[in-house]
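> Using the working numbering, read the sequence shown as starting at 228 and increasing by one per residue. No residue lacks a Cβ here, since even glycine has one placed at the ideal position from N, Cα and C. Before I ask anything, here is the structure I am working with.
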Amino acid sequence: MQDILGTSLDKIIADLIGFIPNLIAAIIIFLLSLYLSRLTTRMLQPALNRRQVDPEVKVLILLVARWSVMIFGTVWALSQV
């Protein structure tokens, strides 16, 4: 009985140790996508201001761009886990 528990515990620990790098990669990808979504918004805003885009349309474009980057990054991060 103890041998079975010891083997199971060793397998669980080995699985957790193998999972940690994937989890760290997923967290890094997610944080990077948050940063890139903000950067995208900051880069698009002056361009839209120069083009004199309607304020409501500008807000819509900025939100769509930001959420697109965040969703793509989240899906990519989840695929790492």
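#1: Helix, strand or coil: which one does DSSP assign to arginine 265?
#2: May I ask which residues mark the beginning and end of the alpha helix (DSSP H) holding valine 280?
#3: So, helix, strand or coil for valine 302, using DSSP?
#4: Taking the Cβ atom as the reference point for each residue, do phenylalanine 257 and threonine 301 lie within a distance shorter than 9 Å?
Taking the geometry as given:
#1: helix
#2: It is not in any alpha helix (DSSP H) - valine 280 carries neither H nor E in the DSSP assignment.
#3: helix
#4: yes
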